[in-house]
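Using the numbering used here, read the sequence shown as starting at 173 and increasing by one per residue. Quick notes on the structure that follows.
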Amino acid sequence: MDFIEKARIRLEHWISHNTHHIEEYKEFAKELKEAGRLESARHIEDMVDLAEKSNESLKNALKALEE
173 MDFIEKARIR
183 LEHWISHNTH
193 HIEEYKEFAK
203 ELKEAGRLES
213 ARHIEDMVDL
223 AEKSNESLKN
233 ALKALEE
């Protein structure tokens, strides 16, 4: 397996891994809201936004790798 194939596999793994965590973060923010911890929930929601942007960068890297 060459380096490019390994890079593709790594990027795909990171995208999947991050997607899973993003869903967990969203659920946690919801639970914090339900517990009345709105400020904490907002911080987690901010982190979700950043994680989604991070995943977008990983997807762009994967796309560029495949061109």
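Just so you know, even glycine gets a beta-carbon here, dropped at the ideal spot from N, CA and C.
Compare the beta carbon distance of residue i and residue j with 7 Å and say whether it is the shorter of the two.
i: L237; j: R180; result: yes
i: E217; j: A207; result: no
i: E230; j: I187; result: Correcting the residue type first, residue 230 is Leu in the shown sequence and not Glu. In this structure, I187 lies closer than 7 Å to L230 by Cβ.
i: K198; j: V220; result: yes
Between which residues of its own chain and residue i is the CB-CB distance below 7 Å, once the five residues before and five after are set aside?
i: E224; result: I194
By Cβ distance, which residues of its chain are closer than 6 Å to residue i, with the 5 residues on each side in sequence left out?
i: L234; result: L183
i: A213; result: A201, L204, K205
For a test of the three-state rule: what should DSSP assign to residue i, helix, strand or coil?
i: M173; result: coil
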